[in-house]
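A.B. asks:
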Amino acid sequence: MNDFSNFMRERDRAASAYCQGDAAPVNALTTKQDPVSFFGPDGHSVQGADDIKAAFSKGAAAFGVNGKSHLEIVQSGSGDDIAYWCGFQYAEVDMDGKMVPMSLRITELFRREEGAWKLVHRHADMAKAS
């Protein structure tokens, strides 16, 4: 298994923490260096490392501790300094005591920085029921 496959297990755990109200693991995986971008499931877009980390923190704060998440990787690839995955995130988030199911289509790009994979672009939108 290559190091990006191993990293994706860490990414999956960070997504689960996010759905439990904790943005710290996702923020730790996000680059500190511009350029970086986020296209959110509500249609907004954010650029800049500090603004994206703030958006991630604000988003996670809307969720209670009972959430859960699972990433379904449809395809992924990595080179020396760039990697990606696309697929689905299936989550159930606790919003004001009510469990809300979410299915998102996800594309994420990563750049190797100082030997570690860092998130540089996330595009998430609601998946339609099939």
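Each residue of the sequence shown is one higher than the one before, starting from 38 at the first, in our numbering. Even glycine gets a Cβ: it sits at the ideal position worked out from N, Cα and C. This one's a predicted model, so the numbers in the text were calculated from it and none came from an experiment.
Please determine if the segment 74 to 89 and the segment 99 to 115 are in contact, where contact requires at least 3 C-beta pairs separated by less than 8 Å.
C.D. replies: They do not touch, by the three-pair rule.
A.B. asks: If you count every other CB in all the chains shown that lies within 10 Å of the CB of Q126, and 16 or more means buried, which is it?
C.D. replies: buried
A.B. asks: If you scan the segment 89 to 132 from start to end, which runs of the alpha helix (DSSP H) of 4 or more residues do you find wholly inside it?
C.D. replies: none
A.B. asks: May I ask you to verify whether the segment 83 to 97 touches the segment 134 to 144, counting CB pairs closer than 8 Å and requiring at least 3?
C.D. replies: no
A.B. asks: Using a Cβ-Cβ cutoff of less than 7 Å, which residues in the same chain neighbour A99 once the five nearest sequence positions on both sides are dropped?
C.D. replies: Cβ within range, chain order: M132.
A.B. asks: Along the chain, where does the beta strand (DSSP E) that runs through P138 open and close?
C.D. replies: K135 to E150
A.B. asks: Relative to the alpha-carbon of A54, which residue among F44, Q84, H107 and F41 has its alpha-carbon at the smallest distance?
C.D. replies: H107
A.B. asks: Does DSSP put A153 in a helix, in a strand, or in coil?
C.D. replies: strand
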